[in-house]
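First to last, the protein sequences are chains A and B. The working numbering applies: residue 1 is where the first sequence begins, and numbers increase by one. The working numbering applies: residue 337 is where the second sequence begins, and numbers increase by one. Every residue, glycine too, gets a C-beta built ideally from N, C-alpha and C.
There are 2 protein chains.
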Amino acid sequence: MATIKDVARRAGVAISTVSAVINRSAPVSDDVILRVQDAIREIGYVQHSAAKALRSGNSRLIGVIVPDITNPHFSTVARVAEKVCMEAGYMTFVYNTGEDADQEMRILQMMRMQRVAGLILISTRSDAAHGARLMSEINVPTVFLGSYVEEAPFDMITLDEDRASHLAVDYLLGLGHRDVAVISGRAGVSTNEERLNACRRAFAEHGLELRDDRIIPANFSQQQAYDGALALLAAKDRPTAIFALSNMMTIGVMRALLSLKLSCPGDVSLIGIDDFEWPEIMNPPISVVAQPIVAMTECAIRTLLDQITSKKDPVGHRTMFPPELIIRASCAPVGR
Amino acid sequence: MATIKDVARRAGVAISTVSAVINRSAPVSDDVILRVQDAIREIGYVQHSAAKALRSGNSRLIGVIVPDITNPHFSTVARVAEKVCMEAGYMTFVYNTGEDADQEMRILQMMRMQRVAGLILISTRSDAAHGARLMSEINVPTVFLGSYVEEAPFDMITLDEDRASHLAVDYLLGLGHRDVAVISGRAGVSTNEERLNACRRAFAEHGLELRDDRIIPANFSQQQAYDGALALLAAKDRPTAIFALSNMMTIGVMRALLSLKLSCPGDVSLIGIDDFEWPEIMNPPISVVAQPIVAMTECAIRTLLDQITSKKDPVGHRTMFPPELIIRASCAPVGR
DNA sequence: GTGAAAGCGCTAACAG
DNA sequence: CTGTTAGCGCTTTCAC
Chain A
1 MATIKDVARR AGVAISTVSA VINRSAPVSD DVILRVQDAI REIGYVQHSA AKALRSGNSR
61 LIGVIVPDIT NPHFSTVARV AEKVCMEAGY MTFVYNTGED ADQEMRILQM MRMQRVAGLI
121 LISTRSDAAH GARLMSEINV PTVFLGSYVE EAPFDMITLD EDRASHLAVD YLLGLGHRDV
181 AVISGRAGVS TNEERLNACR RAFAEHGLEL RDDRIIPANF SQQQAYDGAL ALLAAKDRPT
241 AIFALSNMMT IGVMRALLSL KLSCPGDVSL IGIDDFEWPE IMNPPISVVA QPIVAMTECA
301 IRTLLDQITS KKDPVGHRTM FPPELIIRAS CAPVGR
Chain B
337 MATIKDVARR AGVAISTVSA VINRSAPVSD DVILRVQDAI REIGYVQHSA AKALRSGNSR
397 LIGVIVPDIT NPHFSTVARV AEKVCMEAGY MTFVYNTGED ADQEMRILQM MRMQRVAGLI
457 LISTRSDAAH GARLMSEINV PTVFLGSYVE EAPFDMITLD EDRASHLAVD YLLGLGHRDV
517 AVISGRAGVS TNEERLNACR RAFAEHGLEL RDDRIIPANF SQQQAYDGAL ALLAAKDRPT
577 AIFALSNMMT IGVMRALLSL KLSCPGDVSL IGIDDFEWPE IMNPPISVVA QPIVAMTECA
637 IRTLLDQITS KKDPVGHRTM FPPELIIRAS CAPVGR
């Protein structure tokens with residue numbers, strides 16, 4: 001492959017001049033710029049990122065770590081991150097943890113080997129012990145997206161989780177539901193804890209209580225939500241409404257409803273957090289509390305890029321985005 | 337950041353010894369291995385991929401280029417590629433073309449800058465002119481997944497497209513349908529051309545003809561399929577069945593059916609290529625011709641890794657995977 | 001404006 | 001088995 005040296009020889013200039021032309025890092029006469037550009041085209045020269053990164057100490061690589069790219073929520077994150085980063089001259093490395101903390105650490109290690117300039121992290125756990133491991137493995141600007149981790153004082157971009165749960169619970173209670181079950185995500189993940197605690201608070205504000213046996217843990221997993229909802233709905237004291245704290249779990253509940261031939265919202269009302277791309281083709285079109293994930297991702301990348309550029313330490317600042325209640329056809333007044 | 341030099345000093349050995357330990361590239365006494373590993377741990381040394389790549393001429397990077405990661409079909413590709421590559425000690429760069437040929441070229445350029453060791457490519461076009469551009473931009477082992485490109489003699493892993501269309505058309509005709517519309521993908525993409533031509537053949541084999549005005553072009557786009565299906569279905573001579581040549585287009589047709597309040601399969605039968613992850617929550621559960629995308633992706637990566645290792649030129653060999661007809665609730669005998 | 005030269009962190013060849 | 005050394009391709013002083 002052609003090197004910068006070949007370009008210099010071909011254009012009849014010095015190596016440093018070629019570099020100056022490529023990077024616009026020093027003034028060069030128009031005539032020379034043209035000669036160099038011609039030479040580059042003629043011999044098909046392409047910069048060698050690794051060499052550049054090695055010498056300059058800047059990889060211009062951003063790592064994006066998500067639980068599972070197969071979840072539409074996270075593939076949107078990946079797509080937006082790619083776009084915004086590319087516009088800023090960075091490339092993205094998107095990797096999946098599969099919700100596994102060890103895998104997360106392995107990926108972090110790879111990101112370090114690649115000397116990424118920054119990290120967007122959707123972590124697998126939020127506890128302090130995990131934060132400590134994270135801090136020992138991360139030495140670049142990082143921003144948390146959606147969830148955050150104790151003792152890891154990076155900036156974070158999240159949904160207003162409290163408001164998200166309130167929106168759903170208030171809606172359900174307003175419809176007259178009193179026996180509501182909550183399908184909850186992974187214990188120890190901030191997203192889940194905040195949503196769940198907000199549910200408890202929302203019930204309390206109505207003088208009601210969210211009983212522990214009405215909280216069905218499902219680890220953010222579609223399958224576990226299905227299993228949990230199946231057991232819940234097959235019992236004779238089934239709830240009149242279900243609130244699922246994430247998109248995949250909402251799908252799991254829908255499947256349970258369907259396989260039990262229970263009508264929704266006739267027999268049971270259902271609402272979830274996270275919107276779906278084509279809700280109208282679902283049976284039934286589901287009411288949700290949507291999060292503005294595109295805007296959140298853009299904000300996360302911008303925040304990260306800022307931090308990389310400014311080289312100032314993060315302060316653990318949290319930016320919250322407002323959720324939106326979207327009413328479709330999956331909830332009805334109780335006893336209808 | 338610590339370098340290999342620091343490790344050597346700390347362990348009291350030569351740099352080359354450290355390298356030998358890290359890469360297992362030369363025999364080293366157990367005692368020394370331990371000392372080196374301790375030193376690595378103590379000072380938190382992490383290999384510098386860029387330096388290693390520069391020196392060794394091997395980036396251990398694989399580029400995966402897909403149309404849109406937001407499409408579940410392609411996010412599965414990304415996920416499987418990541419997994420298989422990681423097991424083989426490679427990292428993946430997943431990038432989206434957005435079905436845009438210029439963007440594809442831009443990505444290819446970036447991949448070249450990164451000196452990727454190989455490429456999995458789902459290209460935006462299949463014509464010879466595009467093939468020529470591709471050949472001038474690609475200088476590493478490459479395998480096409482799903483589609484292929486004329487004049488670009490790389491190995492390819494695809495579905496048995498002929499059989500896929502036959503499965504769907506034979507099924508529909510067997511149900512008595514005679515007026516069937518086909519929602520087709522992007523003209524000039526091999527996948528689409530092959531599926532479409534196979535449709536024509538399948539009709540002919542039944543002594544029927546697939547009229548051109550029953551082929552609705554929709555560029556593999558959900559929105560265009562929706563628009564096309566809306567016009568098609570609003571007309572008074574609407575077809576009794578629709579065959580959509582990809583998952584997103586199937587969704588578009590479903591939305592059109594729903595917004596016109598047409599019953600499926602009561603008024604119109606619908607079948608598509610590509611399976612959905614939770615068909616039961618769709619309204620109605622859709623019958624499809626599924627492709628074994630996980631196995632296909634694994635095969636593509638293995639083929640690529642083989643080629644990288646063996647350093648022998650690709651021969652343009654095509655491996656085809658069998659499609660499977662999955663009957664659910666979206667097709668009924670005509671006139672029911 | 002241009003050119004020479006040092007060196008980023010690493011591998012691999014070679015001499016001990 | 002260990003140590004020395006020459007670059008991989010590039011950026012970046014610094015002298016001209």
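Extent of the continuous beta strand (DSSP E) to which residue i belongs
| i | result |
| --- | --- |
| B/Met-492 | 491-495 |
| B/Asn-432 | 427-432 |
| B/Leu-370 | Unbroken run through B/Leu-370 is the alpha helix (DSSP H), 366-379; no beta strand (DSSP E). |
| B/Glu-440 | Element bounds for B/Glu-440: not the beta strand (DSSP E) but the alpha helix (DSSP H), 437-449. |
| B/Val-516 | 516-520 |
Sub-8 Å separation of residue i and residue j beta-carbons
| i | j | result |
| --- | --- | --- |
| A/Val-84 | A/Ile-301 | yes |
| A/Asp-275 | A/Ile-326 | yes |
| B/Ala-344 | B/Ala-338 | no |
| B/Met-584 | B/Phe-556 | yes |
| A/Gly-118 | A/Val-149 | no |
| A/Thr-97 | A/His-177 | no |
| B/Cys-667 | B/Leu-511 | yes |
| A/Met-296 | A/Leu-145 | yes |
| B/Ser-395 | B/Val-452 | yes |
| B/Ile-401 | B/Thr-655 | no |
| A/Leu-232 | A/Arg-238 | yes |
| B/Pro-628 | B/Arg-664 | no |
| B/Glu-435 | B/Thr-412 | no |
| B/Ser-462 | B/Ser-483 | yes |
C-beta neighbour in chain A for residue i, strict 8 Å
| i | result |
| --- | --- |
| B/Ala-626 | no |
| B/Val-382 | yes |
| B/Thr-412 | yes |
| B/Met-632 | no |
| B/Phe-480 | no |
| B/Ala-389 | yes |
| B/Thr-406 | yes |
| B/Phe-657 | no |
| B/Met-590 | yes |
| B/Ile-401 | no |
N- and C-terminal bounds of the alpha helix (DSSP H) containing residue i
| i | result |
| --- | --- |
| A/Ala-276 | Note on residue identity: the sequence assigns Phe, not Ala, to residue 276 of chain A. Segment: none, A/Phe-276 is in no alpha helix (DSSP H) and carries neither H nor E. |
| A/Ile-74 | For clarity, residue 74 of chain A is Phe in the given sequence; the question names Ile instead. Segment 72-87, the alpha helix (DSSP H) holding A/Phe-74. |
| A/Glu-194 | 190-205 |
| B/Ile-474 | Note, B/Ile-474: premise wrong, no alpha helix (DSSP H); not H, not E. |
| A/Glu-298 | 293-310 |
| B/Ala-561 | 558-570 |
| B/Arg-345 | 340-347 |
Distance between beta carbons of residue j and residue i, contact taken as under 8 Å
| i | j | result |
| --- | --- | --- |
| A/Tyr-226 | A/Ala-187 | No, A/Tyr-226 and A/Ala-187 are not in contact; Cβ-Cβ is about 19 Å, not under 8 Å. |
| B/Leu-566 | B/Thr-586 | 15 Å between Cβ atoms; not a contact. |
| A/Ile-242 | A/Ile-183 | 6 Å |
| B/Ala-375 | B/Ala-414 | Not confirmed; about 37 Å, so no contact. |
| B/Ala-674 | B/Val-625 | Summary: the structure shown does not reach residue 674 of chain B, with chain B confined to residues 337 through 672, and so no result is reported for it. |
| A/Leu-210 | A/Cys-199 | 6 Å |
| A/Ile-281 | B/Leu-594 | 7 Å |
| A/Ser-19 | B/Met-449 | Contact doesn't hold; Cβ gap of about 15 Å is too wide. |
| B/Arg-550 | B/Val-604 | Not really, about 13 Å apart at Cβ, beyond 8 Å. |
CB contact below 8 Å: residue i versus chain B
| i | result |
| --- | --- |
| A/Ala-329 | no |
| A/Ser-25 | no |
| A/Tyr-95 | yes |
| A/Gln-101 | Correcting the residue identity first, residue 101 of chain A is Ala in this sequence and not Gln. For A/Ala-101, the answer is no, since every Cβ of chain B falls outside 8 Å of its Cβ. |
| A/Ala-50 | yes |
| A/Ile-15 | no |
| A/Asn-197 | no |
| A/Gln-109 | yes |
Residue from the options with nearest C-alpha to residue i
| i | options | result |
| --- | --- | --- |
| B/Pro-363 | B/Leu-370, B/Arg-371, B/Val-372, B/Thr-353 | B/Thr-353 |
| A/Gly-63 | A/Ala-81, A/Phe-74, A/Glu-209 | A/Ala-81 |
| A/Ser-136 | B/Tyr-381, B/Glu-616, B/Ala-356, B/Arg-346 | B/Tyr-381 |
| B/Gly-564 | B/Met-590, B/Glu-545, B/Arg-547 | B/Met-590 |
| A/Gln-354 | A/Val-143, A/Ala-235, A/Leu-258 | Absent from the structure is residue 354 of chain A, since the part of chain A shown begins at 1 and ends at 336. |
| A/Ile-43 | A/Asp-6, A/Leu-34, A/Leu-210, A/Met-91 | A/Asp-6 |
| B/Glu-497 | B/Leu-641, B/Gly-608, B/Ile-622 | B/Gly-608 |
| A/Asp-155 | A/Gly-89, A/Gly-335, A/Leu-305 | A/Leu-305 |
| B/Gly-393 | A/Gly-335, A/Ile-215, A/Ala-132, A/Ala-51 | A/Ala-51 |
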